[in-house]
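> Let me begin by handing over the structure; questions about it come next.
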Amino acid sequence: MRREGLAIDSQTLWAQLEAAATILAPTCEVLRQHVQTAPVIGADETWRVLVGPGNKHWWAWSLTSETAVTYTILESRSQEAARQVLNGYHGIVIADGYGADEALARAGPRFTLAHCWAHVRRKFVDAEPHYPGPGAEVLDLIGQLYAVEQECPPGGVGDEDEQTELGSDGPTCAPTARRRWWPRSAPGPSSNGRCRRAVSARRSPTCSACGQG
22 MRREGLAIDS
32 QTLWAQLEAA
42 ATILAPTCEV
52 LRQHVQTAPV
62 IGADETWRVL
72 VGPGNKHWWA
82 WSLTSETAVT
92 YTILESRSQE
102 AARQVLNGYH
112 GIVIADGYGA
122 DEALARAGPR
132 FTLAHCWAHV
142 RRKFVDAEPH
152 YPGPGAEVLD
162 LIGQLYAVEQ
172 ECPPGGVGDE
182 DEQTELGSDG
192 PTCAPTARRR
202 WWPRSAPGPS
212 SNGRCRRAVS
222 ARRSPTCSAC
232 GQG
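Note that the sequence shown covers residues 22 to 234 in our numbering.
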């Protein structure tokens, strides 16, 4: 606006934002309800700084389905905040392994928690230079999981029979192979922090691709 020669103070901008928020609030609520009808959603949170006295941290929570995304700004990333965002959701929640999601799933459990394999993979990428053998083996297993995902038709896989058929001729699912890998290859307590974080991250209650524990 300044470039166009308009002198607009911050109070005017805030008033415009408040008016827009009031008008769009019903649409936002309908959009939130729409996202929560999806059988699988993604949940994440990230902090942002609210500029002002003390530059307080707030948290932007997102819920994502195949067709829409909603955002909620809250003062924390606590278990209670996660409960407020998910709002009684029933289905599968793909998340990054944050502890509040795990605690909320145990307390319900209204939803099934599936850890994001991209986050798990990132930890093993960090650990591989220090443990090249086991690290490379796990990255290969996760790569096989991604290969199965690439075979999925547009719009996702339908019923359980289709899911079974999709994986029947392919490689062993990464969670199953991971259980075979873990006892013989997992680094011990003396391993460095990167490896321990990778091992911790691999604990996924449910595989986000195939539903296996």
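We put the beta carbon where it would ideally sit given N, CA and C, even for glycine.
(1) I think L125 touches R104, with their Cβ atoms under 8 Å apart; what is that distance to the nearest whole Å?
(2) Suppose only complete runs of 4+ residues qualify. What are the alpha helix (DSSP H) ranges in the segment 102-180, listed by chain order?
(3) From I113 to R53, what distance separates their C-alpha atoms?
(4) What is the DSSP secondary structure of E50, counted as helix, strand or coil?
(5) My output table needs one value for R69: the three-state DSSP class, helix, strand or coil.
(6) Between S86 and G120, what straight-line distance do the alpha-carbon atoms span, to the nearest angstrom?
(7) Name the residue from K144, Y92, G26, A59 whose alpha carbon lies nearest to the alpha carbon of C49.
(8) Just to check my reading of the structure: D65 and A116 have Cβ atoms closer than 8 Å, yes? What is that Cβ distance to the nearest angstrom?
(9) With distances taken Cα to Cα, identify the nearest neighbour of R142 among L166, D122, R131, T33.
(10) Just tell me which of A168, F145, V169, E170 has its CA closest to the CA of E158.
(11) Are the Cβ atoms of R131 and Y110 separated by less than 8 Å?
(12) Quick check on the burial criterion: 16 or more other C-beta atoms within 10 angstroms. Buried or exposed for W82?
(13) Among A89, V90, T67, T88, which residue has its Cα nearest to the Cα of W79?
(14) Helix, strand or coil, according to DSSP, for L27 in the structure here?
This is what the structure holds:
(1) In this structure L125 touches R104 by the C-beta definition: roughly 6 Å separates them, less than 8 Å.
(2) Scanning the segment 102-180 from its first residue to its last, the whole alpha helix (DSSP H) runs of 4-plus residues come out as 120-128, 138-148, 153-171.
(3) If I take the Cα positions, the gap works out to 16 Å.
(4) Note: E50 maps to helix in three-state DSSP.
(5) R69: strand per DSSP, three-state reduction.
(6) Rounded to the nearest angstrom, the two C-alpha atoms are 22 Å apart.
(7) Here the closest residue by C-alpha is Y92.
(8) Contact holds; Cβ gap of about 7 Å.
(9) When each option's Cα is compared against that of R142, the closest is L166.
(10) Closest in alpha carbon position to E158, among A168, F145, V169, E170, is F145.
(11) The Cβ atoms of R131 and Y110 sit closer than 8 Å to each other.
(12) Flag for W82 reads buried.
(13) Among A89, V90, T67, T88, the Cα nearest to that of W79 belongs to T67.
(14) Note: L27 maps to coil in three-state DSSP.
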